[in-house]
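Same order as they appear, the protein sequences are chains A and B. Sequence positions in the first sequence follow my numbering and run 1 to 225. Sequence positions in the second sequence follow my numbering and run 1 to 79. Below is one structure; the comments refer to it alone.
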Amino acid sequence: MCLGLCHTVVTDDKEKNGEKYKVYNASSPDELALVNGMRHLGFAFRDNDSDANMIIDHPRTGAESKYTLLHVIEFNSDRKRMSVIVRDENNRVLIICKGADSIIEKRLAPNQEHLTATKKHVDEYAEVGLRTLLIAYKYVEEDDYKKWLAKYTIAEQSTGDREKELGLVAEQIEVDFLLAGCSAIEDKLQENVGKTIADIKKAGIKVWVLTGDKVETAINIGQSC
Amino acid sequence: MSAKVNSSNLNEELGMVSYIFSDKTGTLTQNIMEFQKFSCGGVSYGTSTPKQIKYAPGVTNVNFEDDRVFEGVDDTSHA
Numbered sequence: 001m002c003l004g005l006c007h008t009v010v011t012d013d014k015e016k017n018g019e020k021y022k023v024y025n026a027s028s029p030d031e032l033a034l035v036n037g038m039r040h041l042g043f044a045f046r047d048n049d050s051d052a053n054m055i056i057d058h059p060r061t062g063a064e065s066k067y068t069l070l071h072v073i074e075f076n077s078d079r080k081r082m083s084v085i086v087r088d089e090n091n092r093v094l095i096i097c098k099g100a101d102s103i104i105e106k107r108l109a110p111n112q113e114h115l116t117a118t119k120k121h122v123d124e125y126a127e128v129g130l131r132t133l134l135i136a137y138k139y140v141e142e143d144d145y146k147k148w149l150a151k152y153t154i155a156e157q158s159t160g161d162r163e164k165e166l167g168l169v170a171e172q173i174e175v176d177f178l179l180a181g182c183s184a185i186e187d188k189l190q191e192n193v194g195k196t197i198a199d200i201k202k203a204g205i206k207v208w209v210l211t212g213d214k215v216e217t218a219i220n221i222g223q224s225c
Numbered sequence: 001m002s003a004k005v006n007s008s009n010l011n012e013e014l015g016m017v018s019y020i021f022s023d024k025t026g027t028l029t030q031n032i033m034e035f036q037k038f039s040c041g042g043v044s045y046g047t048s049t050p051k052q053i054k055y056a057p058g059v060t061n062v063n064f065e066d067d068r069v070f071e072g073v074d075d076t077s078h079a
């Protein structure tokens with residue numbers, strides 16, 4: 001599952017009652033939930049080793065898979081997506097991208113078999129207030145990767161608006177994706193939010209909510225307040 | 001909601017407020033995410049009312065159960 005790779009999570013070794021285990025640390029709470037979710041499903045991200053390899057354990061079969069991390073193209077509010085580029089054990093370059101459905105959908109290759117069904121699921125999840133992400137991937141030909149890398153390296157060294165230039169180059173490889181699926185995450189309401197907002201409304205104050213989530217998710221959160 | 005007001009100006013200023021613009025994530029909500037469902041290959045996984053689930057040590061922020069992906073889950077948790 002692509003989600004086990006598409007993240008910037010780091011691990012910590014912990015020991016409790018003589019049992020050793022790993023906990024994940026993530027700058028994004030969403031990633032923390034996703035990577036833990038994948039671990040629960042049997043795609044356990046072990047660690048980045050000293051050679052920048054990301055290792056996924058498959059506890060059910062005892063197997064492991066190794067991916068060399070090549071690039072992380074960061075999330076920002078303009079891009080509304082993040083990508084990682086890795087090299088798999090067969091030496092193939094793989095790019096995995098996760099992001100807002102509206103953004104990812106535009107970057108898919110035409111005629112994705114499960115797009116209609118997946119979009120229906122995204123809407124179902126959002127309507128019950130869950131935060132959704134689409135996940136997509138593709139394998140990149142070595143030549144295409146090399147050409148793209150040259151441009152990316154130039155952008156990385158830019159002294160101008162580096163973030164913008166990197167974004168423009170990133171956009172060129174983040175196309176023709178194959179749809180992998182979507183994820184749904186719950187973010188519970190704070191305690192007494194509903195009562196507080198009711199009080200504020202009683203005082204004649206109008207409340208506007210600002211969010212980057214899907215409209216359906218926001219509507220459900222609004223209704224549950 | 002209990003709040004202690006230390007400034008008498010505050011009441012007057014509050015009285016002038018007619019709109020509140022609130023951030024959602026982390027303000028109205030807890031910013032504590034929980035993995036619940038996913039869709040893959042056109043199939044949605046994850047039941048809406050997960051039962052008591054056994055998680056491997058260290059696994060947090062997950063509330064997921066689906067028999068279709070949990071065949072052999074006991075092997076996993078003991079691995």
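The C-beta atom is built at its ideal place from N, Cα and C for all residues, glycine as well. Quick caveat: nothing in here was measured; it's all calculated off a predicted structure.
Problem set entry | Euclidean distance between Cα positions of residue 153 of chain A and residue 217 of chain A | Indexing the first sequence from 1 puts residue 153 of chain A at position 153. Indexing the first sequence from 1 puts residue 217 of chain A at position 217. Rounded to the nearest angstrom, the two C-alpha atoms are 38 Å apart.
Problem set entry | Under the three-state DSSP convention, the category residue 77 of chain B falls into | Counting from 1 along the second sequence, the entry for residue 77 of chain B is found at position 77. Because the pLDDT of residue 77 of chain B is 35, which lies under 50, any placement of that residue in the model is unreliable, and the number read from its coordinates should be weighed accordingly. Helix at residue 77 of chain B.
Problem set entry | CA nearest to the CA of residue 206 of chain A, picked from B:16, B:12 and B:8 | To locate residue 206 of chain A, count along the first sequence from 1; it is residue 206. Nearest option by C-alpha distance: B:16.
For this session: Go ahead and pull the three-state DSSP assignment for residue 47 of chain B.
Result: Translated into positions along the second sequence, residue 47 of chain B becomes position 47. Residue 47 of chain B falls in the coil class under three-state DSSP.
Exercise. Under 8 Å Cβ-Cβ, which residues of chain B neighbour residue 190 of chain A?
Worked result: Stepping through the first sequence from its first residue, residue 190 of chain A is reached at position 190. Chain B residues near residue 190 of chain A: 27, 28, 29 and 30.
Problem set entry | Rounded distance between the beta-carbons of residue 33 of chain A and residue 35 of chain B, thought under 8 Å | Here residue 35 of chain B refers to the residue found at position 35 when the second sequence is read from its first residue. Here residue 33 of chain A refers to the residue found at position 33 when the first sequence is read from its first residue. Residue 35 of chain B to residue 33 of chain A, Cβ: 4 Å. Contact.
Problem set entry | Residues, ordered as in the chain, of the stretch 197-216 of chain A that lie near chain B by beta-carbon distance below 9 Å | 197, 199, 200, 203, 204, 205, 206, 207, 208, 209, 210, 211, 212 and 213
Exercise. Between residue 215 of chain A and the rest of its own chain, which residues show a CB-CB distance below 6 Å, the 5 nearest in sequence each way excluded?
Worked result: Walking along the first sequence from the start, residue 215 of chain A turns up at place 215. Excluding sequence neighbours, residue 215 of chain A sits near nothing in its chain.
For this session: Can you tell me which of the three DSSP states residue 118 of chain A falls into?
Result: As a working note, residue 118 of chain A is residue 118 in the first sequence. Three-state result, residue 118 of chain A: helix.
Exercise. Of all the CB atoms in chain D, is at least one closer than 7 Å to the CB of residue 186 of chain A?
Worked result: Among the protein chains in the structure shown, which are A and B, there is no chain D.
Exercise. Would residue 45 of chain B be called buried (16 or more neighbouring beta carbons within 10 Å of its own) or exposed?
Worked result: Indexing the second sequence from 1 puts residue 45 of chain B at position 45. Label assigned to residue 45 of chain B: buried.
Problem set entry | Min CB distance residue 20 of chain B to chain A below 7 Å | Along the second sequence, read from residue 1 onward, the residue named residue 20 of chain B stands at position 20. Closer than 7 Å to some Cβ of chain A, the Cβ of residue 20 of chain B qualifies, so yes.
Exercise. Taking 7 Å as the CB-CB cut-off, is residue 40 of chain A touching chain B?
Worked result: If you number the first sequence from 1, residue 40 of chain A lands on position 40. Output row for residue 40 of chain A: interface = yes.
For this session: Say whether chain A places a C-beta atom closer than 7 Å to the C-beta of residue 5 of chain B.
Result: Looking up residue 5 of chain B in the second sequence gives position 5. No, residue 5 of chain B does not count as interfacial toward chain A.
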